[in-house]
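Enquirer: Have a look at this one before I ask anything.
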Amino acid sequence: MFARLWRMIMHTRDVFLSPVTPLPVKIGLALGLLYILSPYDLIPEWVPVFGVMDDLALAALLIAWANRFKCGG
């Protein structure tokens with residue numbers, strides 16, 4: 012399970028770094044990562060369960076979205 016997740020994360024990185032990936036996809040991935048790392052959230056971190064859930068849900072959606080794209084190479 013963790014091996015599959017790691018492959019998906021690495022594929023997301025490869026999609027972002029690929030020269031054939033469209034610019035809007037790269038911008039979407041970058042903005043999503045900035046939101047996840049940002050101290051400002053839609054739901055604050057101190058709210059039990061839901062505070063972290065929005066970040067995890069966004070990360071899962073970004074990884075799933077990036078895995079729909081092929082990498083050049």
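As numbered in my numbering, residues 12 to 84 make up the sequence shown, in order. Where is the CB? At the ideal position from N, CA and C, for every residue including glycine.
Counting pairs of beta carbons, one from the segment 55 to 65 and one from the segment 25 to 42, are three or more of them closer than 8 angstroms?
Expert: Result no; under three Cβ-Cβ pairs closer than 8 angstroms.
Enquirer: Tell me the rounded alpha-carbon separation between V31 and H22.
Expert: C-alpha separation (whole angstroms): 14 angstroms.
Enquirer: From I74 to E56, what distance separates their C-alpha atoms?
Expert: For I74 and E56, the distance between alpha carbons rounds to 21 angstroms.
Enquirer: Less than 6 angstroms between C-beta atoms, sequence neighbours within five positions excluded: which residues of the same chain meet that for I54?
Expert: Answer for I54: F61, G62 and D65, listed in chain order.
Enquirer: List the whole-angstrom C-beta distance separating L16 from G43, where the pair is believed to meet the contact cut-off of C-beta under 8 angstroms.
Expert: 17 angstroms between Cβ atoms; not a contact.
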